[in-house]
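Peer 1: Counting from 90, one number per residue, gives the positions in the sequence shown under the numbering used here.
Beta carbons: idealized from backbone N, C-alpha and C, even for Gly.
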Amino acid sequence: MRDEIDPIQPPPDPTPPRLPGRVVLRPEPEDVYTSLMADMCAHAVGCVRAFGDFHLALSGGSTPLPLYRQLMTDPMARGFPWARTHLWIVDERRVPFEDERSNFGQIRDLLVEHSGIPAEQVHPIRATEPDADLAYERELRETLAWREKGHDRLDFVLLGMGADAHTASLFPRSPALDAGPDRLVVFNAGPRVTPPDRVTMTYRLLNASRFIAVLAVGASKRDTLARVAARSAPAADLPILGIEPLGGELRWYLDFAACAP
Ligand code: 6PG
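#1: Do residue 180 and residue 104 have their C-beta atoms within less than 8 Å of each other?
#2: Taking the alpha-carbon positions, what's the residue 178 to residue 193 distance?
#3: Would you verify that the beta carbon of residue 274 is, or is not, closer than 8 Å to some beta carbon of chain D?
#4: Which class does residue 243 belong to by DSSP, given the choice of helix, strand or coil?
#5: Apart from the five residues just before and just after residue 185, which ones in its own chain have a Cβ nearer than 7 Å to its Cβ?
#6: Considering only residues of the same chain and omitting the five flanking positions on each side of residue 102, which have a CB-CB separation below 6 Å?
#7: Under 8 Å between the Cβ atoms of residue 175 and residue 212?
#8: What residue range does the beta strand (DSSP E) around residue 178 cover?
#9: Run through DSSP, which three-state label would residue 209 get?
#10: Taking any heavy atom of the ligand 6PG as the mark, which residues have a C-beta closer than 7 Å to it, listed down the chain?
#11: If you measure between the beta carbons of residue 197 and residue 243, is that distance less than 8 Å?
#12: Specify the secondary structure class of residue 235 as computed by DSSP and reduced to three states.
#13: May I have the straight-line CA-CA distance separating residue 182 from residue 97, to the nearest angstrom?
#14: Mind checking whether residue 199 and residue 144 have CB atoms under 8 Å apart?
#15: Inspect the CB distances between the region 316 to 327 and the region 268 to 287 and report whether three or more fall short of 8 Å.
#16: Is the number of C-beta pairs between the region 301 to 315 and the region 266 to 277 that are closer than 8 Å three or more?
#17: Ignoring anything shorter than 4 residues, give me the alpha helix (DSSP H) runs that lie fully in the region 251 to 329, in order along the chain.
#18: Can you tell me whether residue 102 is helix, strand or coil according to DSSP?
#19: Measuring straight from C-alpha to C-alpha, what distance separates residue 90 and residue 118?
#20: My output table needs one value for residue 146: the three-state DSSP class, helix, strand or coil.
#21: For residue 90, which of helix, strand or coil comes out of DSSP?
#22: Locate the alpha helix (DSSP H) running through residue 344, then write down its first and last residues.
#23: Give me whichever residues DSSP pairs with residue 228 in a beta bridge.
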């Protein structure tokens, strides 16, 4: 009789999708955030030890918000070297910081105000100003120039991914994809860009980073991740495929729900 009873089997773990770079796959979003937080802390401490400071670029969107909260509250993140961190913004909407769509506005409220990071090391994009792109590019070049040649790049970039596979504010077939080899930050606008207009770091700057983390959790990311893993279209249509670090590391942070069973 015993043999007739079907044991209740947990569903099998999903297979990690074949994405470019390494994949960190965890059961629940909380596990993903904790892994990412631990890697971020380790990199921050390592960079401060090696270079004296840490250049971190953060994205907006809803997915990373729990991570930003956790960074401020989790005892495991207590050793994060905020006093030595420069905080940059990957992309920004052309709205004032007080607008709820402002990436910096959210990051400031959740993180900057509680981190103790020195004000002169916080680098928001003043996206409503007419020369916001060139001004941010200048600020990046001047600040990174304090580093020895070869080390003058961002240390850790956190990216998200939209349903159309955009990352940062690099939307499919949008002008910012063709920013050219010299531009670090550009405006992005027009019919291909989800409003409001944007300012965004370019492939050139992002791909030069020492470490690129892509965070995608939840079932709403599943189809897009599958298309990216299958390389079902060129990078012009799936812009996250244009993320190809030159000498750095690319690591994806995914939960089971984001992956096909
Ligand atoms: C932004 C972003 C963008 C974001 C993706 C994913 O400002 O919108 O920087 O690239 O990471 O759109 O957004 P969600 O996390 O909300 O899904």
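Peer 2: Per the coordinate set shown:
#1: Against a cut-off of 8 Å, the Cβ pair of residue 104 and residue 180 comes out as no contact.
#2: Cα to Cα, residue 178 sits roughly 7 Å from residue 193.
#3: Although the question refers to chain D, the structure presented lacks it and comprises just one protein chain.
#4: In the displayed model, residue 243 falls within coil according to three-state DSSP, outside both helix and strand.
#5: Excluding residues up to 5 positions away in sequence, 191, 217 lie with their Cβ nearer than 7 Å to the Cβ of residue 185 in the same chain.
#6: The answer is none, since no qualifying residue turns up.
#7: A contact, by the Cβ cut-off of 8 Å.
#8: Residues 174 to 178.
#9: If DSSP states are grouped into helix, strand and coil, residue 209 belongs with the helices.
#10: After applying the 7 Å Cβ criterion, the set is 148, 149, 150, 151, 152, 153, 179, 180, 182, 192, 248, 249, 250, 251, 255, 256, 257, 258.
#11: In this structure, residue 197 keeps its C-beta atom at 8 Å or more from the C-beta atom of residue 243.
#12: Of the three classes helix, strand and coil, the one that applies to residue 235 here is coil, per DSSP.
#13: Their backbone Cα atoms lie some 48 Å apart in a straight line.
#14: With contacts defined by Cβ atoms closer than 8 Å, residue 199 and residue 144 do not form a contacting pair.
#15: The answer is no - the region 268 to 287 does not touch the region 316 to 327, with fewer than three Cβ pairs under 8 Å.
#16: Contact between the region 301 to 315 and the region 266 to 277 is not established, with fewer than three Cβ pairs separated by less than 8 Å.
#17: Positions of the alpha helix (DSSP H) runs, each at least 4 residues long and wholly inside the region 251 to 329, are given as 292 to 296, 311 to 318 in order along the chain.
#18: Here residue 102 sits in coil by DSSP.
#19: Below a pLDDT of 50, predicted positions are generally treated as unreliable, and residue 90, at 49, falls in that range; the measurement from the model is reported next regardless. About 40 Å.
#20: Taken through DSSP and simplified to helix, strand or coil, residue 146 comes out as strand.
#21: Unreliable placement is indicated for residue 90, whose pLDDT of 49 sits below 50; the coordinate value is still reported in the next sentence. The answer is coil: DSSP assigns residue 90 none of H, G, I, E or B.
#22: Segment 338 to 344 is the beta strand (DSSP E) holding residue 344; no alpha helix (DSSP H) there.
#23: DSSP, once it has assigned bridges, lists no residue as partnering residue 228.
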